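Scroll down for the structure; my scribbles are underneath it.
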Amino acid sequence: ASLPLALKNEEFYIALQPKYDTYTEKIVGAESLVRWKKQNGEVVFPGRFIELFEKNAQIVKLDFYEIGRAHV
């Protein structure tokens, strides 16, 4: 029930995880990872909320939220 409110309150943020080429020893890209930082400061990792978004057909809303926030 708190997922739509968390989207409205912009409680999600994107963390970038570098992709590293061990052959060239260079960073070759990044993977976008979503995290949920609740208003009380607790950080919730995707393993605890992605499945709920999928079951409630809200995953597309989260995807668009991430795309919209990618420029920040």
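Residue 58 in our numbering is what sits at position 68 of the sequence shown, and the numbering runs on without skipping anything. Idealized CB from N, CA, C, for every residue including glycine. Note that the coordinates shown come from a computational prediction; the quantities given were computed from them, not determined experimentally.
Count the other C-beta atoms from every protein chain shown that fall within 10 angstroms of the C-beta of residue i, then say buried if there are 16 or more, exposed otherwise.
i, result
"V18", "exposed"
In terms of alpha-carbon separation, which member of the options lies closest to residue i?
i, options, result
"K16", "L23, S22, P8", "P8"
"A5", "E32, Q48, A47, P36", "P36"
Is residue i near the ligand NAD, judged by its Cβ being under 7 Å from some heavy atom?
i, result
"L23", "As far as ligands go, the structure on display features none, and thus does not contain the ligand NAD."
Looking only at its chain, what residues have a beta carbon closer than 6 Å to the beta carbon of residue i, apart from the 5 residues adjacent to it on each side?
i, result
"V34", "W26"
Out of curiosity, what's the CA-to-CA distance linking residue i and residue j?
i, j, result
"E56", "V50", "10 Å"
"Q48", "L(-5)", "12 Å"
By Cβ distance, which residues of its chain are closer than 8 Å to residue i, with the 5 residues on each side in sequence left out?
i, result
"F39", "L(-7), W26"
"Y10", "K16, I17, V18"
"L23", "I4, A5, L6, Q7, P36"
Rounded to the nearest angstrom, how far is the Cβ of residue i from that of residue j, given a contact under 8 Å?
i, j, result
"L42", "L(-3)", "At roughly 12 Å, the Cβ-Cβ gap does not stay under 8 Å, so L42 and L(-3) are not in contact."
"E1", "Q29", "7 Å"
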